[in-house]
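Asker: Its first residue numbered -9, the sequence shown is counted upward by one per residue in the numbering used here. Glycine included, every Cβ here is placed at the ideal spot set by N, Cα and C. The structure that follows is given in the form of structure tokens.
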Amino acid sequence: MIEIFETNSPKETDALGRKLGEAATPGQVFTLIGDLGVGKTVFTQGFATGLHIDEAICSPTFTIVQVYDTGRLPFYHFDVYRIGDVEEMDEIGYEDYVYGDGVSLIEWANLIEDILPEHYTQITIEKDLEKGFDYRRITVEQI
Ligand code: ADP
Ligand code: MG
-9 MIEIFETNSP KETDALGRKL GEAATPGQVF TLIGDLGVGK TVFTQGFATG LHIDEAICSP
51 TFTIVQVYDT GRLPFYHFDV YRIGDVEEMD EIGYEDYVYG DGVSLIEWAN LIEDILPEHY
111 TQITIEKDLE KGFDYRRITV EQI
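Following this line, the structure appears as structure tokens:
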């Protein structure tokens, strides 16, 4: 199933993230794909709010994963942008998170495609400058 959403402000992207975070269930995995500056962090902040996490989300670029335990479910926020090879994912306990009872969201998941679970929700954020500077197309697909 594919759903396409369109937003025209950071606030709208945050609200979409919040809606998906509110609906997230234990063990669910989300992947988040999109160029730098497209709105991945804006979306993730909303998503965390939807999980009732009150903290600000920081990008885990250097730590690969950041764990938030204060929401209604554990939240595992991955950023695999700097991953060298997939063995590094073993070292941080990737499978324990992804096959655990929390909710995982993996930025730049295309870089670890080979080790993604069989089913996940793929979120792609794209700009379209013809539709305006703040326009984003957000595609949500069940894999
Ligand atoms: P990323 O994490 O993908 O690198 P950020 O979320 O940090 O990107 O930044 C997105 C930038 O784009 C922010 O400066 C935000 O204000 C701006 N922006 C403009 N329009 C939108 C929109 N519709 N959705 C999300 N962000 C938007
Ligand atoms: Mg970011």
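#1: Quick check: what's the CA-CA separation for Ala5 versus Ile73?
#2: In three-state terms, what does DSSP make of Ile(-8)?
#3: Let's see if you can read the secondary structure: which residues bound the alpha helix (DSSP H) around Asp4?
#4: Can the beta-carbon of Gln132 be found closer than 8 Å to that of Thr111?
#5: Going along the chain, which unbroken runs of the alpha helix (DSSP H) with 4 or more residues stay wholly within the region 29 to 93?
#6: Have a look at Asp44, Ile82, Glu45 and Thr34 and flag the residue whose alpha-carbon is nearest the alpha-carbon of His67.
#7: Look at the alpha carbon of Lys117 and the alpha carbon of Thr129, and state the distance between them as a whole number of angstroms.
#8: On the CB-based measure, 16 or more other CB atoms within 10 Å of its CB, does Val57 come out buried or exposed?
Answerer: In short:
#1: Their backbone Cα atoms lie some 30 Å apart in a straight line.
#2: Three-state DSSP puts Ile(-8) in a strand.
#3: Unbroken alpha helix (DSSP H) run through Asp4: Pro0 to Ala13.
#4: Here Gln132 is near Thr111, since their CB atoms are less than 8 Å apart.
#5: For the region 29 to 93, whole alpha helix (DSSP H) runs of length 4 or above, ordered along the chain, are 30 to 40, 77 to 81 and 84 to 88.
#6: Checking every option, the nearest Cα to that of His67 belongs to Thr34.
#7: Each residue's Cα considered, the two are about 12 Å apart.
#8: Burial check for Val57: the Cβ neighbour count within 10 Å stays below 16, so the residue is exposed.
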